[in-house]
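To get this note's numbering, take the position in the sequence shown, counting from 1, and add 3. Glycine residues also receive a C-beta, built at the ideal position from the N, C-alpha and C atoms. Everything below concerns the one structure shown next.
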Amino acid sequence: MTPKALTLRSFKCFSGETKFTFPVESGLYLVQGRNEVQPSLEGNGCGKSTLFGDALTWCLFGKTPRLLKASDILNWEAGSAGSVYFEFTMEGKEYGLLRTQTPNSLCLDVDTIRKTVTQEQVNELLGLDFDQFVASIVFAQFGTMFFDLSAADKSTLLSAILDLDVWDTATDTAKKSSNQLESSITTVKMDTASVEGRIEGLQSQDFDDKIKQWEQNFEDQHQNLMEQNDLFQQKLEKLIKQGSKIEDQLKEHQEQLDELAEIEQEVQLDGRKLEKQRSSLQDKRNEQEFLLKNLKIELKKFETVDKTCPYCLQDVPKAHLQQEMGKLQTQIYNAQSKSADFKVLIDEKDSELNQYRIDLTTIQQTRKEFLAEQRETLDKKSFLKAELAKIKVQQQTVERDLAKLQNAVNPYCLEQQQQQQHIEKLQDKLKINEKQLKELNKELFATQYWVKAFREVRLSLISEVLTQLELEVNNKLFQLGLENWKVLFAVEGLTKGGKVKKGFTVNIITPYNLEPVHWNAWSGGESQRLRLAGALGMSDLITAKCKQQPTFEIFDEPSSYLSEAGITSLLSILKDRARQLNKQIFLIDHRKLDSVAFDGTISVIKNHDGIDIESSWAVC
Numbered sequence: 004m005t006p007k008a009l010t011l012r013s014f015k016c017f018s019g020e021t022k023f024t025f026p027v028e029s030g031l032y033l034v035q036g037r038n039e040v041q042p043s044l045e046g047n048g049c050g051k052s053t054l055f056g057d058a059l060t061w062c063l064f065g066k067t068p069r070l071l072k073a074s075d076i077l078n079w080e081a082g083s084a085g086s087v088y089f090e091f092t093m094e095g096k097e098y099g100l101l102r103t104q105t106p107n108s109l110c111l112d113v114d115t116i117r118k119t120v121t122q123e124q125v126n127e128l129l130g131l132d133f134d135q136f137v138a139s140i141v142f143a144q145f146g147t148m149f150f151d152l153s154a155a156d157k158s159t160l161l162s163a164i165l166d167l168d169v170w171d172t173a174t175d176t177a178k179k180s181s182n183q184l185e186s187s188i189t190t191v192k193m194d195t196a197s198v199e200g201r202i203e204g205l206q207s208q209d210f211d212d213k214i215k216q217w218e219q220n221f222e223d224q225h226q227n228l229m230e231q232n233d234l235f236q237q238k239l240e241k242l243i244k245q246g247s248k249i250e251d252q253l254k255e256h257q258e259q260l261d262e263l264a265e266i267e268q269e270v271q272l273d274g275r276k277l278e279k280q281r282s283s284l285q286d287k288r289n290e291q292e293f294l295l296k297n298l299k300i301e302l303k304k305f306e307t308v309d310k311t312c313p314y315c316l317q318d319v320p321k322a323h324l325q326q327e328m329g330k331l332q333t334q335i336y337n338a339q340s341k342s343a344d345f346k347v348l349i350d351e352k353d354s355e356l357n358q359y360r361i362d363l364t365t366i367q368q369t370r371k372e373f374l375a376e377q378r379e380t381l382d383k384k385s386f387l388k389a390e391l392a393k394i395k396v397q398q399q400t401v402e403r404d405l406a407k408l409q410n411a412v413n414p415y416c417l418e419q420q421q422q423q424q425h426i427e428k429l430q431d432k433l434k435i436n437e438k439q440l441k442e443l444n445k446e447l448f449a450t451q452y453w454v455k456a457f458r459e460v461r462l463s464l465i466s467e468v469l470t471q472l473e474l475e476v477n478n479k480l481f482q483l484g485l486e487n488w489k490v491l492f493a494v495e496g497l498t499k500g501g502k503v504k505k506g507f508t509v510n511i512i513t514p515y516n517l518e519p520v521h522w523n524a525w526s527g528g529e530s531q532r533l534r535l536a537g538a539l540g541m542s543d544l545i546t547a548k549c550k551q552q553p554t555f556e557i558f559d560e561p562s563s564y565l566s567e568a569g570i571t572s573l574l575s576i577l578k579d580r581a582r583q584l585n586k587q588i589f590l591i592d593h594r595k596l597d598s599v600a601f602d603g604t605i606s607v608i609k610n611h612d613g614i615d616i617e618s619s620w621a622v623c
């Protein structure tokens, strides 16, 4: 499989349509980023891993190396669903794979003809499934390399690579037959032992003693159950009495609350009347105050003139003016007197209203206390109800046990009558079982041979591959600067019982430890070199088994935790790997690596207009 182009539409941070064209020549290519939106992030957050990891893997397999949810790959800006289109060639034929979110579809273009396909069909075409792909082509930075997998997942991946299911099926078929025979033999043996035991028991049984013992046990159980039933009945009666008392209390509380509610309603009604009366008095006093104000203004007008009427502006006798002023002073006096009277009445209503509020508060507080008592009583009622239900269930259980016990029949009476007949029939059964056991043991010997043979073939295949895998990984450890380090793989083996114990562990021997130590027990830089060596070795194993050899690999942030010397070794290995295997190897890194060591560079630039992709051979 040779990649040609990858087109993203509304995928994660990629808005609109973005197309990347892969280089034609093999070699080692550096993928770096530049974040112009957030310069402090430098090369991070630009979309490098999204382009070469998430988008490509999602297009091929419907999931990402980070196992993101469907909502996580929506376009972050618009929140819209997108698509990814991957163009590639295999055996001289052009292909295009299109996966969309809305609608959820998977289409394959072959010879300009588009057809809907399933994931199983895509896996068959590529010769790889998702696990094999991320273990051999996309080496992500998020803990998905071969060494990062659990022991069970490592074993599953190895089984898929070597197509061990064939031998598993053959072993399981033989084992199933063997288990069936062993089960049959066990059944016959158990039946034989049972028959012999029954014969011996029938011949030696003292039925009189057994009958007496059974009757005694019956009486003891019956007495015990009756005592339990009486105890539960006493508890029920006690709880019922308590419940009746609580109901009386609740009734009393409710009557008191109803009475208080009526009183509160009457008091509130009186309060509303008082407030209405006060409001009416206040309105009347306000009218007098308004009248008083106007009268004083009129009086002032007369006081400021000599003989001219302030209304008609005509000269009038002074006596007439004095007469009019006297009338106004009388009206002022009357208005002041009425206002004062209303003030007294308002003060009386305020006093009554204050008393009303005190009375209402007292009533409400009393009602609140009664409500608290009622809630406490209701809690007691709920507790008693639960206890009553629990004891009723216990009592019903005892009653069922009593009914069951009363229907029980002494089994030894019938056995005593049928003893001799059983003995004769059981002896005939022993002869039949003996003949059947000889035939079954003969068949079992043959099937057990094939179970062992199929397992040995399977283990032989694994041992052969692991020997080569250890050699490749250890060679790459040396190239990565871990001299005199050695990886040891421990996988499936036969237990003492002859069963296959599955698993896959990775241990390391170094000049610093005499006993094997788990691979991730070392420093960050050492562990990263171990991960890279394991990933490269497993990649070679997977690609060697593929019917279609991929011509590209993607390494996402492989230089993490590596020193400068480690990075130099890694670049040297990858460059030699690209040349020897005729592959395009894309190295994604946020560090400023020496571009001279690469055959080309790709820059993913995030700016305010979107994301641009620039390369040394083309501009997308």
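Under the rule that 16 or more other beta-carbon atoms within 10 Å means buried, what is residue i, buried or exposed?
i, result
"residue 138", "buried"
"residue 448", "exposed"
"residue 11", "buried"
"residue 410", "exposed"
"residue 322", "exposed"
"residue 531", "buried"
"residue 562", "buried"
"residue 329", "exposed"
"residue 361", "exposed"
"residue 476", "buried"
"residue 27", "exposed"
"residue 457", "Caution is warranted here: a pLDDT of 49 is assigned to residue 457, below 50, making its placement in the model unreliable, and the coordinate value is therefore given only provisionally. Buried."
"residue 482", "buried"
Can you give me the Cβ contacts of residue i inside the same chain, cut-off strictly under 6 Å, excluding the 5 residues immediately before and after it?
i, result
"residue 143", "56, 68, 559"
"residue 493", "508"
"residue 553", "4, 140"
"residue 513", "488"
"residue 31", "577, 578, 581, 588, 601, 602"
"residue 419", "210"
"residue 440", "191"
Tell me which same chain residues have a C-beta within less than 8 Å of the C-beta of residue i, skipping the five on either side of it?
i, result
"residue 148", "138, 142, 534, 535, 537, 538"
"residue 232", "398, 401, 402, 405"
"residue 437", "195"
"residue 391", "239, 242, 243, 246"
"residue 566", "528"
"residue 612", "none"
My understanding is that residue i touches residue j, with C-beta atoms under 8 Å, so please give their C-beta distance in whole angstroms.
i, j, result
"residue 608", "residue 615", "5 Å"
"residue 202", "residue 416", "The Cβ separation is near 20 Å, so there is no contact."
"residue 378", "residue 342", "The Cβ separation is near 52 Å, so there is no contact."
"residue 281", "residue 356", "7 Å"
"residue 59", "residue 100", "Incorrect: roughly 10 Å between the Cβ atoms, too far for contact."
"residue 298", "residue 349", "Actually they are not in contact, since the Cβ atoms of residue 298 and residue 349 sit about 21 Å apart, beyond 8 Å."
"residue 484", "residue 572", "5 Å"
"residue 432", "residue 198", "5 Å"
"residue 394", "residue 235", "5 Å"
"residue 18", "residue 107", "About 21 Å separates the two Cβ atoms, so there is no contact after all."
"residue 133", "residue 66", "6 Å"
"residue 122", "residue 131", "That pair is no contact at about 12 Å."
"residue 54", "residue 23", "6 Å"
Starting from the Cα of residue i, find the closest Cα among the options and give me that residue.
i, options, result
"residue 541", "276, 478, 591", "478"
"residue 401", "136, 509, 224", "224"
"residue 229", "403, 21, 66, 469", "403"
"residue 95", "34, 6, 46", "6"
"residue 592", "34, 557, 281, 22", "34"
"residue 83", "611, 73, 90, 92", "73"
"residue 277", "421, 359, 611", "359"
"residue 339", "383, 367, 293", "293"
"residue 126", "266, 117, 111", "111"
"residue 222", "595, 586, 575, 408", "408"
"residue 564", "594, 79, 53, 546", "594"
"residue 369", "36, 267, 382", "267"
"residue 547", "525, 422, 511, 584", "584"
"residue 555", "304, 525, 568, 590", "590"
Which same chain residues, not among the five before or five after residue i, have their C-beta less than 7 Å away from its C-beta?
i, result
"residue 380", "249, 252, 253, 256"
"residue 39", "608, 609, 610"
"residue 205", "422, 425, 426"
Any chance you could list the beta strand (DSSP E) runs of at least 3 consecutive residues sitting entirely within the region 193-276, in chain order? Runs found: none.
Whole runs of the alpha helix (DSSP H) within the region 509-571, excluding any shorter than 4 residues: 527-548
Threshold first: 4 residues or longer. Then list the alpha helix (DSSP H) segments lying entirely within the region 23-96, N to C. 59-64
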